[in-house]
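Working notes for the structure below.
2 protein chains.
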Amino acid sequence: MSKGAATKTAILDEAVSLASKVGFGALTIGQLAEQTQMSKSGLFAHFKSKEALQLETLERGRERFTDIVVRPTLVAPRGIQRVRALLENWLVWETEALEGGCVFVTASVEFDDQPGEMRDALVRNQTDWSEFIATVAGTAVSEGDFRPDVDPEQFAFAMLGLIYAFHHTARLLHDPQALGHVRGAFEQLIRASS
Amino acid sequence: MSKGAATKTAILDEAVSLASKVGFGALTIGQLAEQTQMSKSGLFAHFKSKEALQLETLERGRERFTDIVVRPTLVAPRGIQRVRALLENWLVWETEALEGGCVFVTASVEFDDQPGEMRDALVRNQTDWSEFIATVAGTAVSEGDFRPDVDPEQFAFAMLGLIYAFHHTARLLHDPQALGHVRGAFEQLIRASS
DNA sequence: GACTAAAAAGCACGACCGTGCCAATCTTGA
DNA sequence: TCAAGATTGGCACGGTCGTGCTTTTTAGTC
Numbered sequence: 001m002s003k004g005a006a007t008k009t010a011i012l013d014e015a016v017s018l019a020s021k022v023g024f025g026a027l028t029i030g031q032l033a034e035q036t037q038m039s040k041s042g043l044f045a046h047f048k049s050k051e052a053l054q055l056e057t058l059e060r061g062r063e064r065f066t067d068i069v070v071r072p073t074l075v076a077p078r079g080i081q082r083v084r085a086l087l088e089n090w091l092v093w094e095t096e097a098l099e100g101g102c103v104f105v106t107a108s109v110e111f112d113d114q115p116g117e118m119r120d121a122l123v124r125n126q127t128d129w130s131e132f133i134a135t136v137a138g139t140a141v142s143e144g145d146f147r148p149d150v151d152p153e154q155f156a157f158a159m160l161g162l163i164y165a166f167h168h169t170a171r172l173l174h175d176p177q178a179l180g181h182v183r184g185a186f187e188q189l190i191r192a193s194s
Numbered sequence: 195m196s197k198g199a200a201t202k203t204a205i206l207d208e209a210v211s212l213a214s215k216v217g218f219g220a221l222t223i224g225q226l227a228e229q230t231q232m233s234k235s236g237l238f239a240h241f242k243s244k245e246a247l248q249l250e251t252l253e254r255g256r257e258r259f260t261d262i263v264v265r266p267t268l269v270a271p272r273g274i275q276r277v278r279a280l281l282e283n284w285l286v287w288e289t290e291a292l293e294g295g296c297v298f299v300t301a302s303v304e305f306d307d308q309p310g311e312m313r314d315a316l317v318r319n320q321t322d323w324s325e326f327i328a329t330v331a332g333t334a335v336s337e338g339d340f341r342p343d344v345d346p347e348q349f350a351f352a353m354l355g356l357i358y359a360f361h362h363t364a365r366l367l368h369d370p371q372a373l374g375h376v377r378g379a380f381e382q383l384i385r386a387s388s
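The listed protein sequences correspond, in order, to chains A and B. Oh and the first sequence: position 33 is 33 in our numbering, straight run, nothing missing. Count along the second sequence from 1, then add 194; that gives the number in our numbering.
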């Protein structure tokens, strides 16, 4: 990896961390330069615009998410075990990966009313992700762990909701019961689907 | 109501609408002045700081939320009917009240990592709200509509999650199935609690 | 080690930010 | 009706934003 590429990756890692805390709108080139000990113009040269920086930051977040959630989930045995692994890996992402919490939640809220490339990229991400959850749930159906009448998309919707509830409850309220609640609700969901 | 108070209310209504679209951080005094056809300084004089503007905007949002969700829910008959009314009123708030979507979701994501009065106010709001949901669910238990072993807090967590899932799915993805999914998941939750 | 291309910094710009001060205008109560 | 006070506007400030242009420094190749 050339020097430039290495620097860029380091910048983007810092950008993901910063965006998770303050959001993509408040992710400022000046602050990012300060954090990475670079000059504003030196940093800016790696991206040709702020929007490009935001897009590449989002993409870097996606890579990290894949490493922490998607890949480990896919090595779990097909069926309900993989569904459980999905929850646990997702909770690792929610609690340990980024100081400021999931960047996709942040970005979704910021850009859901703002047409542009960021919004488009987010729509692709979230659509893919919903489909992934539904696929994992569908596997549990075809393996016989879930009842045949379980709608994988409906399951994905409910599971998404549990993680969102955890995200908000844990981050804003610092509720120590959040983990217990999300696991409890998940077990209820599993029971209703088995 | 004095002239000043009327103007202030009009400003705050516009502020709630603007914040729902762009967020509280990007809620700028200049833009708000433009939207309300006032001078920046004339508008600013009503609030002594931007933080005060944000706080009063949040409070105005809370008033509207009370009018649209809380009060109509409390006139429904105790028990499961009130639980159902809660969902429907909440969905009205989510879909019709504000062009940019629920301001509390926006604010929560923006301030969950940012200590200050905004965060404190949000924590109070969300705590109260969770308790309200739990109380309504608890009423369904004491009325015999829900099983006695249903934990109202756990129910509130799951219901919060459903609304969050709806919020994100409907706003970002414009998924026309979002309404169906949230109602379907809600019925499943009701069934599991009855 | 010299040459070249890449990377980083220096510097400046116009725009907009939040905020203060002071003058003008409008409301209100006696 | 008129004075007092509340409300609004004009203007300016220091700061930060994103973004170009030019120069200096660094890294990679022969």
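Where a beta carbon is used, it is the ideal one built from N, C-alpha and C, also for glycine. These figures come from a predicted structure and were not determined experimentally.
In the DSSP annotation of this structure, His240 (chain B) is not part of any alpha helix (DSSP H), being labelled neither H nor E. Unbroken alpha helix (DSSP H) runs of no fewer than 4 residues, entirely contained in the stretch 215-289 of chain B, are found at 223-230, 234-238, 244-259, 265-268, 274-286, following chain order. What Ala213 (chain B) touches in chain A, judged by beta-carbon distance under 9 Å, is nothing: the nearest beta carbon there is about 11 Å away.
Under a criterion of Cβ atoms nearer than 7 Å, no residue of chain B is adjacent to Arg147 (chain A); the nearest Cβ is some 12 Å distant. Distance from the CA of Asp307 (chain B) to the CA of Gly144 (chain A), rounded to the nearest whole angstrom, comes to 43 Å. Leaving aside the five residues that flank Leu247 (chain B) on each side, the residues in its chain whose CB is nearer than 6 Å to its CB run, in chain order, Phe241. For Val16 (chain A), the secondary structure class from DSSP, reduced to helix, strand or coil, is helix. Of all alpha-carbon atoms in A:His181, A:Thr9, A:Thr7, A:Val92, the one lying nearest the alpha-carbon of Asp345 (chain B) is that of A:His181.
Across the structure, Gly332 (chain B) and Glu381 (chain B) are spaced so that their CA atoms are roughly 17 Å apart.
Per DSSP, Gln320 (chain B) is one residue of the alpha helix (DSSP H) stretching across 311-336.
Look at the stretch 127-146 of chain A: the residues with a C-beta under 9 Å from a C-beta of chain B are Thr127, Ser130. When the beta-carbon positions are compared, Gln31 (chain A) and Leu18 (chain A) come within less than 8 Å of each other. With three or more CB-CB distances shorter than 8 Å, the stretch 347-366 of chain B counts as touching the stretch 160-167 of chain A. Between the stretch 98-109 of chain A and the stretch 57-71 of chain A there are three or more inter-stretch CB-CB distances shorter than 8 Å, so the stretches are counted as touching. Here Met1 (chain A) is exposed: its Cβ has fewer than 16 other Cβ atoms, across all protein chains shown, within 10 Å. Residue-level contact by beta carbon fails for Phe218 (chain B) and chain A, as no gap is shorter than 8 Å. The alpha-carbon separation between Ala239 (chain B) and Lys197 (chain B) amounts to approximately 14 Å.
Secondary structure note for Arg147 (chain A): it is in no alpha helix (DSSP H), with a DSSP letter that is neither H nor E. Only those residues of the stretch 297-312 of chain B whose C-beta falls short of 7 Å from the nearest C-beta of chain A are listed: Val299, Thr300, Ser302, Val303, Glu304, Asp306, Asp307. Around the beta carbon of Glu293 (chain B), a 10 Å sphere encloses fewer than 16 other beta carbons of the protein chains shown; the residue is thus reported as exposed. Classified as exposed, Glu245 (chain B) has fewer than 16 neighbouring CB atoms from the shown chains inside 10 Å of its CB. Assigned with DSSP and collapsed to three states, Met1 (chain A) falls in coil, not helix or strand. CA-CA distance, Ala134 (chain A) to Glu153 (chain A), rounds to 5 Å. It is roughly 30 Å from the alpha-carbon of Val216 (chain B) to the alpha-carbon of Phe132 (chain A). Take Ala270 (chain B), set aside five residues on each side of it, and the residues of its chain with a beta-carbon closer than 7 Å to its own are Arg276, Ala279, in chain order. The beta carbon of Ser130 (chain A) sits closer than 6 Å to those of Ala156, all from its chain and outside the five residues before and after it, given in chain order.
Listed along chain B, the residues sitting closer than 8 Å to Ala165 (chain A) by beta-carbon distance are Phe351, Ala352, Leu354, Gly355, Tyr358. Taking C-beta separations shorter than 6 Å and ignoring five residues to either side along the sequence, the partners of Ala364 (chain B) in its chain run Ala372, following chain order. Close partners of Ala185 (chain A) in chain B (Cβ separation under 8 Å): Gln348, Phe351, Ala352, Gly355.
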